[in-house]
Structure formats: structure tokens, C-alpha cells
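What follows is one structure encoded as C-alpha cells, with my remarks underneath.
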Amino acid sequence: MATYNLKINGKSLEVSADSDTPLLWVLRDELKLVGTKYGCGIGQCGACTVHLDGIAVRSCSVTASSLESSNITTIEGLAKEKLHPVQEAWKEIDVPQCGYCQTGQIMTASSFLSRNPNPDQDAIRNAMQGNICRCGTYNRIEKAVALAAKKLS
Ligand code: FES
Ligand code: FES
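With my numbering applied, the sequence shown covers 34 to 186.
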């Protein structure tokens, strides 16, 4: 086990982990940032999505040891003084059902909108299609992303 310095949600944090430990487990088990969820562990569901330098990445599929030069943002760090517009849109549309996948959905959507602030329906579907929701909230997710885009414009 080695010690790494990670920048997470604007704070510099020292963590101990094996070199092959996925970021997801450092976030959840060591730092207790449990908003990031474990779904599949193999990069297929999107529940564990966080931002690395603003880009949506699956935290189950990157090692913490490789990220000392990255800015990591989790759902706990997305809101600043107030909720992120994507979170506001999620509340207004009342997107979640069980909620389990929603962190990943919001992290994917917020990264996408930062690069594509005026997406059409196809672009939204394409951006969100890798995030699985077992409750089938896809229609509300699509509406919320479109609403968030309006809030951001
Ligand atoms: S837990 Fe990472 S993609 Fe499913
Ligand atoms: S809200 Fe239940 S899995 Fe998406």
C-alpha cells in the first residue's frame, strides 16, 4: 500500500491505497464519499461516474494511484454556493425513482452540458445512453437535461 495525494472537490487529500485500487473504492471506503455508487464494477453502468478535470469518467475503471495530477469532482462537490443547474433541473422534473443510478446520471449530464450547452434530443440521448437506470427514468432524465441546458444558457 502507498500514499497518494488526490485533489477531490477542491481539497487536497492524502489517501492510502494499493496501486491498482479503483478510485471508486478510495472515494467510498476511505473518504466516505458514498454519493458515488457501485453498480457493476466493470465500466458498464455509469453509477460510479465522477469528473476528472471536468470530464465524466467511471471511477470503477481508473486507479486512484494514476490521478495525482487530476482535479476530481464527485457529486458531493458539484454544488457550489447553490445547487448545480443540473441538480435543480433534476428536482424540478422529479427524476429519481429509487435514486441509485442518479449520481452517475447527474455527473454525466453536467459534464456533457459543460461541453455542449445547446444539445438537441439526439445529442442528449447519445450522451446519456451509457448510464443505465433499472427504474427506467430515461424520459425524465432527457427532459431534465434539456431543462438544465436552458438554465445554463
Ligand atoms: S460501477 Fe462503474 S460503470 Fe458500473
Ligand atoms: S432511479 Fe432507480 S436505478 Fe435509476
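The beta carbon of each residue, even a glycine, is placed where N, CA and C say it ideally should be.
Residues of its chain near residue i, where Cβ-Cβ distance is below 7 angstroms and the 5 sequence neighbours each way are ignored
i      : result
LYS176 : ILE126
THR106 : ASN42, VAL83 and HIS84
Same chain, Cβ closer than 6 angstroms to residue i, neighbours up to 5 away in sequence not counted
i      : result
GLU63  : VAL48
CYS134 : ALA80 and CYS166
VAL178 : ALA142 and ILE157
Where residue i sits in the DSSP three-state scheme
i     : result
LYS65 : coil
VAL59 : helix
Boundaries (first-last residue) of the beta strand (DSSP E) holding residue i
i     : result
ILE75 : First-last for ILE75: undefined, no H or E at that position.
SER49 : 44-50
LEU39 : 35-41
LEU54 : According to the sequence provided, residue 54 is Thr. The question's Leu does not apply to it. THR54 -> no beta strand (DSSP E), and no H or E assigned at all.
VAL95 : Taken as a continuous stretch (DSSP letters only), VAL95 belongs to no beta strand (DSSP E), as it is neither H nor E.
Residue i and residue j closer than 7 angstroms at C-beta
i      : j      : result
TYR37  : GLU101 : yes
SER92  : CYS81  : yes
PRO129 : LEU185 : no
ILE88  : SER147 : no
ALA50  : PRO118 : no
LYS40  : THR136 : no
VAL138 : ASN172 : Checking the displayed sequence, the identity of residue 138 turns out to be Gln instead of Val. Cβ distance not < 7 angstroms, so GLN138 and ASN172 don't count as in contact.
SER94  : GLY72  : no
CYS78  : CYS131 : no
Sequence-distant residues of the same chain with beta carbon closer than 8 angstroms to residue i, five excluded per side
i      : result
ALA112 : GLN120
Any non-hydrogen atom of ligand 4 within 6 angstroms of residue i CB
i      : result
GLN130 : With respect to ligand 4, the structure shown offers nothing to examine, as its ligands consist of ligand 1 and ligand 2.
Next on the checklist: At 4 residues or longer, what runs of the alpha helix (DSSP H) sit wholly inside the region 97-176?
Outcome noted: 118-126, 135-148 and 154-161
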